[in-house]
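Top to bottom, those sequences are chains A and B. According to my numbering, the stretch in the first sequence is residues 16 to 413, in order. According to my numbering, the stretch in the second sequence is residues 16 to 413, in order.
2 protein chains.
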Amino acid sequence: MGTQGFRFVVEKRCEDSWARTGVLGTPHGEIRTPVFAPVGTQATVKTMAPRELKELGVSLIVANTYHLYLRPGVEIVAEMGGLHSLMGWDGPILTDSGGFQVFSMEHLREVDEDGVTFRSHIDGSEHRLTPEKSIAVQEQLGADLVVALDVCPPYPSDREYNRVALDRTHLWAERCLKAQTRHDQLMFGVVQGGTYPDLREEGARYVASLDFPGIAIGGLSVGEPKELMHNMLDVTIPLLPEDKPRHLLGVGSPEDLFECVARGIDIFDCALPTRVARNGTFFTPQGRLNIRNAEYRDDSGPVMEGCSCYTCLTFSRAYLRHLVIAKEILGLHLATLHNLHFMIQLMRAIRTAIEEGSYARLREQFLGGYRTADYDAAKRDRRAWVGKLRDSGGVGND
Amino acid sequence: MGTQGFRFVVEKRCEDSWARTGVLGTPHGEIRTPVFAPVGTQATVKTMAPRELKELGVSLIVANTYHLYLRPGVEIVAEMGGLHSLMGWDGPILTDSGGFQVFSMEHLREVDEDGVTFRSHIDGSEHRLTPEKSIAVQEQLGADLVVALDVCPPYPSDREYNRVALDRTHLWAERCLKAQTRHDQLMFGVVQGGTYPDLREEGARYVASLDFPGIAIGGLSVGEPKELMHNMLDVTIPLLPEDKPRHLLGVGSPEDLFECVARGIDIFDCALPTRVARNGTFFTPQGRLNIRNAEYRDDSGPVMEGCSCYTCLTFSRAYLRHLVIAKEILGLHLATLHNLHFMIQLMRAIRTAIEEGSYARLREQFLGGYRTADYDAAKRDRRAWVGKLRDSGGVGND
């Protein structure tokens, strides 16, 4: 790769799908793939101390460049010795490019060929994000994995919009590669193309042709139906090199892990498990459980039978419901802990199944028993969340 | 004492003050006194998991009967096997009588000879608290230590008010003793008397004459100057039996521990360390440190040099400031953890000093180096807190 301290090895391939296991070595330790990375937008996975993340077996954290650039400020992070040192996490970290947040602030930004001018959601101050700036900031933050600045169109958006965005994404990708001065960070180029199969193919070919040691797929799970996301992966993945890790940005739910691992994704990051936890929603093999429901008022059982997390081993549904209803912080923490444990264990089971040749069976079994939050409900969730962010002047991700 | 599973032994007495060490054995383990108990109003010490409290060496938790009676409801707690089982804490617990909260809700309650009628701060529903009811509820909650229902006058209040309140407190004390049916709970009678030395003496004599295995001192630290609180202890303590544990309700700050241990107090409980933590205030041997101050923006040192808590061993002032400014829950948690560690370690040092005959020196040394939050600032703090509670329709304690 030409990048120091990294290696990526595909270890085992599934015979029934494009699923694969591998190891991504980084200067801060090995990541066994496929992997789920919790999101720690402001240099903290909300409610979780780093020692608790370690205990859960978390092997990669994602932090958001946009947020950290504004607060505490990239100079502060650099002065504190970088993100790892700042947040007391000595495992691998990935930072995104900052683009997703900036593009989501429709009324606060202006895009041109060279970059984006935007206003801070915190104090309204004006800032400029260019490919070079994104890489410079990510170099100061000091994560192990970094992402090239791309243009992320909303869903739905027309073909012309996506055409322009894709061209710009490719120009910026090359500028990002040129801008890199640190060689101890592994950079992901980003495949865009909206929901247009031919644009996705073009994006995949272009990014694969550049010298990126990792490939990210962006612009999905932004409101489009799941089938459309799967179709886009189906056209993208075959065009990507086998020997580079593939990161599906901002995905996903438990069911997404199964569907997208089957389509050849190695790395996932998503704020969903931690975000819904803070609303009292717990993941179980049967689907999401909302602990606020009155039926749990006097339920002495654990949230999830057989779960080995601290929350399930120690507390009843009745107590967790009490904490959430009484707005106690401990409730948010214990729900977050459980959901992350659930995701990490799920990914562990997925890796084992791929290794043992039983992935197709596991996938069928899980998806057969798991009642997914339906499309409309998921869209409502998302709308409520985005609305809340707007009300508070905040910007994603976690 | 006639109470099963308990013993209280005074082990060592200070030669320069009334300070003493002892052991209070309970059905859920031993408490080495003097002891500081964190407050877990709603059956959770805010932001802290029970395993973290264990790790800190917490040996007693206080929970609030008023709050638990209303939410989740005493029947739910009983159905879940009592407070210990509900909250996953197998160490000793004390519940208060519910009186302090009810009396603090001036516009929502009406007192008569027999008890208090009040409205829930949550849903406005009407309830009745009598001595018998308080004990019945505390028996259902199932704490190790329980407190008789008293009348707690505000500060300032006139002599006549305190006269009536004291008589009523004594009548209710006897009714509480009579109402007790469980013999695995140790009951504290409460000494009242406001800031009137003769009433305090009368209260002390009366409560000491009854068959309470523990003595609590109430109605202090409710807004009066510190000297007045100390004076009240000076007249009260000599009238109390030597062989019963003494609990100073709702106190105190680090400086209070030193002053009141010297006056013969064995048990303290206070929400201050956890409450101010959630405002970004950390205790240090030099006084309170507000992490929001701009000077900590790029301070890479720990909050407290030489502190062995997880927070200080792992994170810089700059990071903790970032978390608090960015309203991250982890910041509230890490501050709470540090402050509780500080209080527990301080009490440990106090016990050791009493044992080694160096308490007077430790007290002088600590109070010499510790800049106390001055009286006016403390009063402002308190007002702001009470105001916030009123705004949110909430009622103390933590």
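No residue lacks a Cβ here, since even glycine has one placed at the ideal position from N, Cα and C. Being a predicted model, the structure only gives us computed values, none of them experimental.
Contact defined as beta carbons within less than 8 Å: I believe residue i pairs with residue j. What is the distance between those atoms, to the nearest angstrom?
{"i": "A/Cys29", "j": "A/Tyr374", "result": "5 Å"}
{"i": "B/Thr41", "j": "B/Gly20", "result": "7 Å"}
{"i": "B/Tyr81", "j": "B/Gln116", "result": "4 Å"}
{"i": "A/Gly114", "j": "A/Val166", "result": "7 Å"}
What are the residues that DSSP puts in a beta bridge with residue i?
{"i": "B/Ala368", "result": "In the DSSP output, where bridge partners are listed per residue, B/Ala368 has none listed."}
{"i": "A/Cys285", "result": "A/Pro53"}
{"i": "B/Ile359", "result": "Answer by DSSP bridge pairing: none, since B/Ile359 is not bridged."}
{"i": "A/Met95", "result": "Bridge partners of A/Met95: none, in fact."}
{"i": "B/Leu304", "result": "B/Phe297"}
{"i": "B/His142", "result": "B/Phe133"}
{"i": "A/Gly229", "result": "A/Phe203"}
{"i": "B/Val38", "result": "B/Val24, B/Arg47"}
{"i": "B/Arg376", "result": "The partner list for B/Arg376 (beta bridge, DSSP) is empty, contrary to what the question assumes."}
{"i": "B/Leu109", "result": "B/Val77, B/Leu160"}
{"i": "B/Val339", "result": "In the DSSP output, where bridge partners are listed per residue, B/Val339 has none listed."}
Skipping 5 residues on each side, what residues in its chain have a beta carbon closer than 7 Å to that of residue i?
{"i": "B/Ala219", "result": "Val206, Thr251, Leu254, Leu255"}
{"i": "B/Lys27", "result": "Arg35, Thr36, Ile369, Glu370"}
{"i": "A/Arg22", "result": "Gly40"}
{"i": "A/Arg174", "result": "Tyr211"}
{"i": "B/Val92", "result": "Leu83, Leu98, Leu101, Gln155, Leu156"}
So, using beta-carbon positions, are residue i and residue j closer together than 8 Å?
{"i": "A/Met202", "j": "A/Gly229", "result": "yes"}
{"i": "B/Cys191", "j": "B/Ser236", "result": "no"}
{"i": "B/Leu160", "j": "B/Leu144", "result": "no"}
{"i": "B/Leu156", "j": "B/Leu248", "result": "no"}
{"i": "B/Gly97", "j": "B/His43", "result": "no"}
{"i": "B/Leu272", "j": "B/Leu361", "result": "yes"}
{"i": "A/Gly267", "j": "A/Trp33", "result": "no"}
{"i": "A/Thr367", "j": "A/Gly302", "result": "no"}
{"i": "B/Thr62", "j": "A/Ile344", "result": "yes"}
{"i": "B/Thr289", "j": "B/Val60", "result": "yes"}
{"i": "A/Glu121", "j": "A/Leu352", "result": "no"}
{"i": "B/Pro260", "j": "B/Thr48", "result": "yes"}
Excluding the five sequence neighbours on either side, which residues of its own chain have a C-beta within less than 6 Å of the C-beta of residue i, listed in chain order?
{"i": "A/His185", "result": "Tyr221"}
{"i": "B/Arg134", "result": "Leu123, Glu141"}
{"i": "B/His356", "result": "Leu71, Cys324"}
{"i": "A/Cys327", "result": "Pro317, Val318, Met319"}
{"i": "B/Val25", "result": "Arg35, Gly37"}
{"i": "B/Leu414", "result": "Nothing about residue 414 of chain B can be reported from this structure: the residues present for chain B run from 16 to 413 only."}
{"i": "B/Gly408", "result": "Reliability fails at B/Gly408, whose pLDDT of 46 lies under 50, so the model's placement of it is uncertain and no value is given."}
{"i": "A/Asp406", "result": "In this prediction, A/Asp406 scores a pLDDT of 48, lower than 50, which makes its location untrustworthy; no coordinate-derived value is stated."}
{"i": "A/Trp187", "result": "Pro146, Leu164"}
{"i": "B/Thr110", "result": "Ala78, Thr80, Gln153, Leu156, Ala158, Val161"}
{"i": "B/Leu304", "result": "Phe297"}
{"i": "A/Leu95", "result": "Contrary to the premise, residue 95 of chain A reads as Met rather than Leu in this sequence. These residues qualify, in order along the chain: Leu101."}
{"i": "B/Met16", "result": "Per-residue confidence for B/Met16 stands at a pLDDT of 43, beneath the threshold of 50, marking its modelled position as unreliable; the derived number appears in the next sentence. Hits under 6 Å: Pro228."}
{"i": "A/Leu75", "result": "Ile46, Val50, Ala52, Pro107"}
{"i": "B/Gly238", "result": "Tyr170"}
{"i": "A/Asn354", "result": "Pro288, Ala292, Phe298"}
Going by C-alpha to C-alpha distance, which of the options sits closest to residue i?
{"i": "A/Leu243", "options": "A/Arg178, A/Val73, A/Cys275, A/Leu225", "result": "A/Cys275"}
{"i": "B/Tyr198", "options": "B/Pro240, B/Ser224, B/Ala151", "result": "It should be pointed out that residue 198 of chain B corresponds to His in this sequence rather than to Tyr. It is B/Ala151."}
{"i": "B/Asp281", "options": "B/Phe330, B/Arg290, B/Asn294, B/Ala231", "result": "B/Ala231"}
{"i": "A/Leu377", "options": "A/Phe298, A/Arg290, A/Ile365", "result": "A/Ile365"}
{"i": "A/Glu371", "options": "A/Asp31, A/Arg22, A/Phe23", "result": "A/Asp31"}
{"i": "B/Pro146", "options": "B/Met120, B/Pro269, B/Arg183, B/Arg363", "result": "B/Arg183"}
{"i": "B/Phe118", "options": "B/Thr59, B/Ser74, B/Gly130", "result": "B/Gly130"}
{"i": "A/Glu216", "options": "A/Phe330, A/Lys69, A/Asn246", "result": "A/Asn246"}
{"i": "B/Ala341", "options": "A/Gly55, A/Ile46, A/Ala309", "result": "A/Gly55"}
{"i": "B/Thr196", "options": "B/Thr18, B/Ala292, B/Asp258", "result": "B/Thr18"}
{"i": "A/Gly88", "options": "B/Ser172, B/Lys193, B/Arg336, B/Cys167", "result": "B/Arg336"}
{"i": "B/Leu85", "options": "B/Ala292, B/Ala64, B/Asp138, B/Ala277", "result": "B/Asp138"}
{"i": "B/Glu189", "options": "B/Glu125, B/Leu225, B/Thr329", "result": "B/Leu225"}
{"i": "A/Val126", "options": "A/Ala223, A/Val179, A/Ala194", "result": "A/Val179"}
{"i": "B/Trp104", "options": "A/Arg363, A/Thr329, A/Glu379", "result": "A/Thr329"}
Just to confirm my understanding: we take residue i, look at its own chain, exclude 5 residues before and 5 after, and list those with CB closer than 8 Å. What are they?
{"i": "B/Pro300", "result": "Met319, Phe381, Gly384, Tyr385"}
{"i": "B/Glu90", "result": "Gln155"}
{"i": "A/Val339", "result": "Gly295, Ile306, Arg307, Gly346, Leu347, Ala350"}
{"i": "B/Asp313", "result": "Ala333"}
At a CB-CB cut-off below 9 Å, which residues of chain C make contact with residue i?
{"i": "A/Lys148", "result": "In the structure shown, chain C does not exist; the protein chains are A and B."}
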